[in-house]
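Each residue of the sequence shown is one higher than the last, beginning at 231 in the working numbering. Since the structure comes first, as structure tokens, the remarks are kept for the end.
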Amino acid sequence: MSKISRDEVAHLARLARLALTDDELDSFAGQLDAILGHVSQIQSVDVTGVEATGNPLKDVNVSRPDVVVPCLTQEEALAAAPRAEDGRFAVPRILGEGE
Numbered sequence: 231m232s233k234i235s236r237d238e239v240a241h242l243a244r245l246a247r248l249a250l251t252d253d254e255l256d257s258f259a260g261q262l263d264a265i266l267g268h269v270s271q272i273q274s275v276d277v278t279g280v281e282a283t284g285n286p287l288k289d290v291n292v293s294r295p296d297v298v299v300p301c302l303t304q305e306e307a308l309a310a311a312p313r314a315e316d317g318r319f320a321v322p323r324i325l326g327e328g329e
């Protein structure tokens, strides 16, 4: 028997703003139930004596040294731009007024 219902999948879809068909709701209910089953199986593993790790890799903050190199000036960068305004790149608006 499925531990996650079709109604719960529909609720999750509404929260995620997804429009799902009836077939998708049924399919995802089964898939999510399988995922929850795998998680339950992993949670049942005995980890007594196993040290917790946040990252199994020993290298931390590996980065190159900062080196100052010549770069474009603001004027040079804007000279190649299709449009510039007030010393900045001008790009088309992608969000509406209310967003």
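A virtual CB, placed ideally from N, CA and C, is assigned to each residue, including glycine.
C-alpha distance - residue i paired with residue j, whole-angstrom precision
i	j	result
phenylalanine 258	serine 270	18 angstroms
valine 298	valine 321	29 angstroms
glycine 267	glutamine 273	10 angstroms
phenylalanine 319	glutamate 281	51 angstroms
leucine 308	alanine 246	39 angstroms
threonine 283	asparagine 291	16 angstroms
aspartate 253	glycine 260	11 angstroms
glycine 317	proline 300	20 angstroms
glycine 279	leucine 262	31 angstroms
Beta-carbon proximity of residue i to residue j, cut-off 8 angstroms
i	j	result
leucine 250	arginine 236	no
Residue i (DSSP reduced to helix, strand or coil)
i	result
alanine 314	strand
Burial state of residue i, where buried means 16 or more other Cβ atoms lie within 10 Å
i	result
valine 277	exposed
valine 239	buried
CB contact below 8 angstroms: residue i versus chain B
i	result
serine 257	Although the question refers to chain B, the structure presented lacks it and comprises just one protein chain.
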